[in-house]
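A short worksheet on the structure shown next.
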Amino acid sequence: MPQSKEDAAGMDDTPLGIHDDMETHPLYRNLAHIKTKKVKELEFYKRYAYTLQRQVWQGRQQQRRRKSSLLPWEEVARALQDDTLDRVRDNRRLEQQVEANKRLCSVLKPWVRHMAMLESPSSCWRHAHLFRGDDAMRRIGSRWLLQHMYYNMDHAMEEAPFPNLTDPFLDISRSDLSTGTCLWHPSLPLGSSGRQTMDFELLVTQQFVVEFPLAMTADGVWAANRTFAQFVLKQDFATNYHDLTPKGMEDSSDVEYAQEEVGTATQRVSLNWIQGRFYEPHRTAILVKTIVDDAFPLAENAWTMCFHHWIVLYQLTDSTTLVRVQYTVHQPASADGFVPLSQVAQYRSVGMGTTDDVAARLVVERDIRSHTQQRQLFPIHLNNVLHSLTKHNLETTGSTNSVEIRR
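And the structure:
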């Protein structure tokens, strides 16, 4: 309640009841300048009433302040209950994490203890291993293997003979796994290698440009990788592709785990592989890697092949993308190790009835020719997939923008 300086100077908050009569009240004494008694009494009561009103107003203000600073006990109890429930949930989550880590350690300890020491640094790329365990452990293992490939991607791409320009490019050679020596290259005459070995690896480098944006190209490559083997072999995709993605990762568009059958009626060839996608501001990496999986071991009569596949997509313009491919493929292996080249030659239908050296050269020549044809087909298959995606986007959204690929 506002008041003037004059009123404030003439006021006293002392209640009237503690004085014997009106004339002893400080307010009355402050009115000595008024000579008429009736006028003095009237002024006294007016000021006294104003003083009481001010006391009432101040009391209400103090009461409001007390109410705003103190919560009702019901609200305090409810807040404490909610906080307690939050702490209980946090503790349960932490206990679950502790138990999960204990289970992970119980699996990892014996697995690591029984792992053999690597004979050479180059061996670290062979036989990536996913151990049997619960879904959480398998998710960790799958993502770690992909992160390992991504970490080594730039080093692997730098070793490839990519040209500085964006012209189409393809290079294929075969190397000794134990020494890294180039055993055969299309530029060399067949049989020019001075050393024969039973352990080979195929090195493939490819580059081409597609007339699609980076995001759309990434979706297209992701889908094309899943279907390319069946496209080349003219096999039924639904029959030869089996989704093995761990639970909890099924809805991810950036991680995939599958088994693919690429053999023939007489020889089964099974590939357990994982595929991952990594984004950067002006490029996207798609990585594919075969693995050995304790949960899905090879059949007794089946072969497999170890390969590591880096596909790096570079944005050239808003509507064009440079595709660079670098991959390695080892010779077929079974649960007992590398398959003898004489058996590989028989499977490839080359060099039957010849010596091992001749069979090795013929297998190399056949593989070089086969992968050359595959690399020539991949841009065609990718463009078919990209055009299908564009058509699908137009029909569903009315836009050619990229959409998320789902399994």
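According to full-length UniProt numbering, the sequence shown is numbered sequentially starting from 1.
Using N, Cα and C, we set each Cβ at its ideal position, and we do this for glycine too.
Can you pull the DSSP bridge partners for residue i?
i    : result
T354 : In the DSSP output, where bridge partners are listed per residue, T354 has none listed.
K289 : I274, H308
D243 : A258
L130 : D293
V303 : According to the sequence shown, residue 303 is Trp rather than Val. According to DSSP, which records beta bridges pairwise, W303 is partnered with V269.
Does any C-beta atom of chain D lie closer than 8 angstroms to the C-beta of residue i?
i    : result
A238 : Checking the listed chains, one finds no chain D in this structure; it contains a single protein chain.
Mind reading off the beta-carbon distance from residue i to residue j? Whole number of angstroms is fine, and I expect it under 8 angstroms.
i           : j    : result
V255        : S142 : 6 angstroms
R348        : L313 : With a Cβ gap of about 32 angstroms, R348 and L313 do not count as contacting.
T321        : V204 : About 20 angstroms separates the two Cβ atoms, so there is no contact after all.
W222        : V269 : Contact flag wrong, Cβ pair sits at about 23 angstroms.
V323        : H309 : Incorrect: roughly 13 angstroms between the Cβ atoms, too far for contact.
residue 420 : A224 : Shown here, the chain extends from 1 to 407; a query on residue 420 therefore has no answer.
L27         : R47  : 6 angstroms
R132        : D294 : 4 angstroms
L389        : G220 : 6 angstroms
M305        : A333 : 7 angstroms
F44         : L52  : At roughly 13 angstroms, the Cβ-Cβ gap does not stay under 8 angstroms, so F44 and L52 are not in contact.
State the DSSP-derived secondary structure class of residue i, mapped to helix, strand or coil.
i           : result
V339        : coil
D171        : strand
S187        : Bear in mind that a pLDDT of 41 at S187, under 50, signals an unreliable position, so the number given afterwards is only what the model happens to contain. Coil, per DSSP.
E280        : strand
L313        : strand
S349        : coil
A333        : strand
A32         : coil
F162        : coil
L298        : coil
D236        : coil
residue 409 : The structure shown has nothing for residue 409, since the chain only spans 1 to 407.
C182        : Residue confidence is low: C182 scores 42 on pLDDT, short of 50, so the model does not pin down where it sits. No coordinate-derived value is stated.
D367        : helix
L389        : helix
C124        : Only weak support exists for where C124 lies, its pLDDT of 43 falling under 50; the coordinates are left without a value.
S192        : Only weak support exists for where S192 lies, its pLDDT of 39 falling under 50; the value from the coordinates is given anyway. S192 falls in the coil class under three-state DSSP.
According to the Cβ coordinates, are residue i and residue j closer than 8 angstroms?
i    : j    : result
L130 : R138 : yes
T245 : L271 : no
Q331 : F200 : yes
Y150 : A285 : yes
L165 : Q206 : no
L214 : R174 : no
V232 : Q374 : yes
V358 : L341 : no
F296 : Q235 : no
L386 : T217 : yes
R103 : D134 : yes
I140 : T372 : no
A79  : A136 : no
F208 : P168 : yes
F307 : V329 : yes
A229 : V262 : yes
R369 : V350 : no
Would you kindly report the start and end of the unbroken beta strand (DSSP E) that includes residue i?
i    : result
F231 : Per DSSP, F231 belongs to no beta strand (DSSP E); it is in the alpha helix (DSSP H), 214–233.
E260 : 255–261
V209 : 200–210
Q267 : Here Q267 belongs to no beta strand (DSSP E), and DSSP marks it neither H nor E.
R324 : 321–330
Over what stretch of residues does the alpha helix (DSSP H) that includes residue i continue unbroken?
i    : result
E159 : 153–159
T84  : 73–113
P26  : 26–29
Less than 7 angstroms between the CB of residue i and some heavy atom of the ligand MN, yes or no?
i    : result
T239 : Among the components of this structure there are no ligands whatsoever, and the ligand MN is therefore not found.
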